[in-house]
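Under the working numbering, think of the first position of the sequence shown as 22, with each following residue one higher. Even for Gly, the Cβ is constructed at its ideal location relative to N, Cα and C. Notes to accompany the following structure.
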Amino acid sequence: MHGMVGLGRQAHTRALVRELAAANKQLEKSPPGVERAEAYVRSLKKIDPGWAPEEVKTALNDYIAALQAGLDALKAGRDTTQYDPAIAKAKERLVASLKAAD
């Protein structure tokens, strides 16, 4: 039975990877601007991690939160460069958690 849970988690993790790839592809096609960032964050928030491992879920939530903080600063007209390191670190953790879960 434990093997079935592992297979389910792996399948959900792979589905999450596909959804992230689709969101990134859409991001690349979008024109620059606030609307682009808003659409990207919205698309990430729609992703259901399902049975993905807890580390993956946490990393995804942290990445979304970091992006949202930067987006909020951008919309408020503030300098967003201070958010770049947090976004990069959160993205690294997400990628690492996805690799570890696969």
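In this structure, serine 118 places its C-beta atom within 7 Å of the C-beta atom of glutamate 76. Closest option to asparagine 45, judged by alpha-carbon separation, among Gly71, Ala58, Gly54: Ala58.
The three-state secondary structure of threonine 101, taken from DSSP, is coil. By the neighbour-count definition (other C-beta atoms within 10 Å, threshold 16), proline 70 is a buried residue. The region 94 to 108 makes no contact with the region 61 to 69: fewer than 3 CB pairs, one atom from each, lie closer than 8 Å.
In this chain, the alpha helix (DSSP H) harbouring aspartate 83 covers 75 to 96.
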